[in-house]
Every structure is written in structure tokens, then in C-alpha cells.
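Participant: First, the structure itself, so that you have it in front of you.
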Amino acid sequence: MIRAGEARIKMVALNQSDPEALDERFRDLKPALKEAVKDHSTL
Numbered sequence: 066m067i068r069a070g071e072a073r074i075k076m077v078a079l080n081q082s083d084p085e086a087l088d089e090r091f092r093d094l095k096p097a098l099k100e101a102v103k104d105h106s107t108l
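For the sequence shown, my numbering begins at 66 and goes up steadily by one.
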């Protein structure tokens, strides 16, 4: 069972049918994500 919205359900389906496509999507996002959290720290 997946408890999430439509986007999450589609992402899970893509991961099952074409995991490399999903990996590529996140690989492309990684630089922007690193920049967005560069000043974040936990307590």
C-alpha cells in the first residue's frame, strides 16, 4: 500500500518499471538540491 498523492504514486510506478529513468531524474536534480541545503544544519 502506498499512502501518497498522485505524484508519489507515479514515481513509485516509474521506479518499478524504469528505475534508471528515475535515477537520472534525481541525478539531474542533485546539484540544485545540494545548493538548496548547503547552509542547513541539524541540532
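From the three backbone atoms N, C-alpha and C, an ideal C-beta is built for every residue, glycine too.
Could you check what DSSP says for Arg90 in three-state terms: helix, strand or coil?
Facilitator: Three-state DSSP puts Arg90 in a helix.
Participant: Could you check the C-alpha separation between Gln81 and Asp93 for me, to the nearest Å?
Facilitator: Taking the straight line from one Cα to the other gives about 19 Å.
Participant: Look at the alpha carbon of Glu71 and the alpha carbon of Ala97, and state the distance between them as a whole number of angstroms.
Facilitator: Roughly 24 Å between the two C-alpha positions.
Participant: According to DSSP, is Ser82 helix, strand or coil?
Facilitator: Note: Ser82 maps to helix in three-state DSSP.
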